[in-house]
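Novice: Structure below; questions to follow.
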Amino acid sequence: AYVQAALDAGLALEAFAPRLSFFFNAHNQFFEEVAKFRAARRLWARIMKERFKTTDAKSQMLRFHTQTAGSTLTAQQPDNNIVRTAVQAMAAVCGGTQSLHTNSRDEALALPTEVSARIALRTQQILAFESRVADVVDPFAGSYFVEFLTDELEARAATLLAKVDDLGGMVSAIEKGFPQREIQNAAYAYQKAIEKGGQVVVGVNRFTVTGEPKPDLLRVDEALGAQRRTQVAAVRAGRNQAAVDDRLAALRTAAAGTENLMRPILNAVKAEATVGEICDTMRAVFGEYQEQLVF
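Residues in the sequence shown are numbered from 2 upward in steps of one, following the working numbering.
Pasting the structure below:
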């Protein structure tokens with residue numbers, strides 16, 4: 002949908018396609034996750050080649066960033082999350098990710114402590130410099146099981162994409178609630194499987210402990226909020242308010258039309274308009290999305 006919108010706006014495909022990037026989660030099913038990333042890369046290459054008719058190799062490449070799955074982190078026995086993150090990160094690397102974010106062990110409870118964030122960083126460094134899995138391109142190529150999973154996932158994804166096309170494209174599908182419904186149903190099925198014991202979550206519904214000590218958590222100093230409000234007030238008091246008003250008015254006009262918003266946003270920033278003021282200006286034009294529950 003983004004590619005088609007860019008083309009409709011008059012951009013040349015090869016001018017922007019090599020700069021596109023994707024963002025994936027990595028979950029616990031190691032082989033399936035590797036296959037998922039491999040399937041995505043193949044699927045995108047096919048879409049760019051067959052649907053958008055590009056012969057440019059870089060335009061067919063799927064560049065992606067991966068974050069380990071926050072939804073798999075557990076508040077119970079949080080040290081187990083270190084292992085989960087390592088498994089997920091290795092799956093992402095073996096699947097060909099270009100960049101990686103590893104979650105910290107205590108993120109189901111709070112913002113990570115410095116110690117937890119360091120462990121998450123060290124997880125990546127151990128994978129890169131000790132396991133050396135990042136030295137190998139597509140290490141599971143030729144594996145019967147992973148190739149089978151890749152084919153299966155690619156076929157199922159293609160079926161979903163065809164359904165989206167039947168609904169009039171992704172924007173239309175969102176307006177009709179299709180992806181929201183799929184996400185809700187998947188989340189419900191997963192939670193039901195956990196509660197019934199079919200999906201084992203170590204430390205939650207199997208291998209639990211009693212009397213678990215509470216971990217040390219990061220506590221944000223409330224004074225920082227007051228300090229920031231004081232700093233923002235000082236900026237507002239010292240800036241040229243007339244210039245800010247003019248730039249925000251120009252942004253509002255651009256938002257109501259078809260002009261690219263990047264230039265008026267940058268102009269507003271240079272006049273020292275705050276992020277909140279800029280966002281409020283655009284909200285006044287576009288409104289604010291309200292999620293609708295779809296059953």
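All C-beta atoms in this analysis are idealised placements derived from N, C-alpha and C, irrespective of residue type, glycine included.
First and last residue of the beta strand (DSSP E) that includes Ala-58?
Specialist: Numbered from its first residue, the sequence shown carries residue 58 at position 57. It is not in any beta strand (DSSP E) - Ala-58 carries neither H nor E in the DSSP assignment.
Novice: Can you give me the C-alpha to C-alpha distance between Ala-118 and Leu-262, rounded to a whole angstrom?
Specialist: Residue 118 sits at position 117 when you count from the first residue of the sequence shown. Residue 262 sits at position 261 when you count from the first residue of the sequence shown. Their backbone Cα atoms lie some 36 Å apart in a straight line.
Novice: Go ahead and pull the three-state DSSP assignment for Phe-25.
Specialist: As a working mapping, residue 25 is identified with position 24 in the sequence shown. In the structure shown, Phe-25 falls within a strand segment according to DSSP collapsed to helix, strand and coil.
Novice: Using the three-state DSSP reduction, which class does Ser-100 fall into: helix, strand or coil?
Specialist: Locating residue 100 in the sequence shown gives position 99, counting from the first residue. Three-state result, Ser-100: strand.
Novice: Determine contact between the stretch 88–104 and the stretch 122–134, defined as no fewer than three beta-carbon pairs at a distance below 8 Å.
Specialist: yes
Novice: Below 8 Å, how does it come out for the stretch 54–71 and the stretch 173–180: are there three or more Cβ pairs, yes or no?
Specialist: In short, these stretches do not touch, since the Cβ pair count stays below three.
Novice: Helix, strand or coil, according to DSSP, for Gln-68 in the structure here?
Specialist: As a first step, residue 68 must be located in the sequence shown, where it is residue number 67. Three-state DSSP puts Gln-68 in a strand.
Novice: Going by C-alpha to C-alpha distance, which of Ala-36, Ser-132, Ala-234, Asp-246 sits closest to Ser-144?
Specialist: What you label residue 144 is simply residue 143 of the sequence shown in a count that begins at 1. Ranking Ala-36, Ser-132, Ala-234, Asp-246 by Cα distance to Ser-144 puts Ala-36 first.
Novice: Asn-104 and Ala-76 - do their beta-carbons sit closer together than 8 Å?
Specialist: The count along the sequence shown starts at 1 and reaches residue 76 at position 75. The count along the sequence shown starts at 1 and reaches residue 104 at position 103. No, Cβ-Cβ distance for Ala-76 and Asn-104 is not below 8 Å.
Novice: Counting C-beta neighbours from all protein chains within 10 Å, is the total for Gln-192 16 or more, i.e. buried, or is it exposed?
Specialist: In the sequence shown, the residue the question calls residue 192 occupies position 191. Exposed, since its Cβ has fewer than 16 Cβ neighbours within 10 Å.
Novice: Mind checking who Val-203 pairs with in its DSSP beta bridge?
Specialist: Here residue 203 corresponds to residue number 202 of the sequence shown, with the count starting at 1. In the DSSP output, where bridge partners are listed per residue, Val-203 has Arg-207.
Novice: Along the chain, where does the alpha helix (DSSP H) containing Gln-232 start, and where does it finish?
Specialist: Along the sequence shown, one-based indexing puts residue 232 at 231. Run containing Gln-232: 224–239, per the alpha helix (DSSP H) assignment.
Novice: Residues in its own chain within less than 6 Å of Pro-265 by CB, not counting five upstream and five downstream?
Specialist: Position 264 of the sequence shown, counting from 1, holds the residue named residue 265. Excluding sequence neighbours, Pro-265 sits near Ala-251, Leu-252, Ala-255.
Novice: Report all residues from its chain with a CB closer than 8 Å to the CB of Leu-168; omit the five preceding and five following residues, and keep chain order.
Specialist: Sequence index remark: in the sequence shown, residue 168 carries index 167 (1-based). Within the same chain, Leu-168 has close Cβ partners Ala-174, Lys-177, Phe-179.
Novice: Can you name, in chain order, every residue of its own chain whose Cβ lies under 7 Å from the Cβ of Asp-80, other than the five neighbours on each side?
Specialist: Here residue 80 refers to the residue found at position 79 when the sequence shown is read from its first residue. Closer than 7 Å at Cβ, skipping near neighbours: Arg-106.
Novice: Between Val-221 and Glu-273, is the Cβ-Cβ spacing less than 8 Å?
Specialist: Counted from its first residue, the sequence shown places residue 221 at position 220. Counted from its first residue, the sequence shown places residue 273 at position 272. Not closer than 8 Å, so no.
Novice: I need the straight-line Cα distance from Gln-89 to Ala-27, nearest angstrom please.
Specialist: Taking the first residue of the sequence shown as 1, we reach residue 89 at position 88. Taking the first residue of the sequence shown as 1, we reach residue 27 at position 26. Going by the C-alpha atoms only, they are around 5 Å apart.
Novice: Is the beta carbon of Thr-98 sitting closer than 8 Å to the one on Phe-38?
Specialist: In the sequence shown, counting from the first residue as 1, residue 98 sits at position 97. In the sequence shown, counting from the first residue as 1, residue 38 sits at position 37. Contact flag set, yes.
Novice: Taking its Cβ as the centre, do 16 or more other Cβ atoms sit within 10 Å of Leu-150, making it buried, or is it exposed?
Specialist: The residue you call residue 150 lines up with position 149 of the sequence shown. Under this definition Leu-150 is a buried residue.
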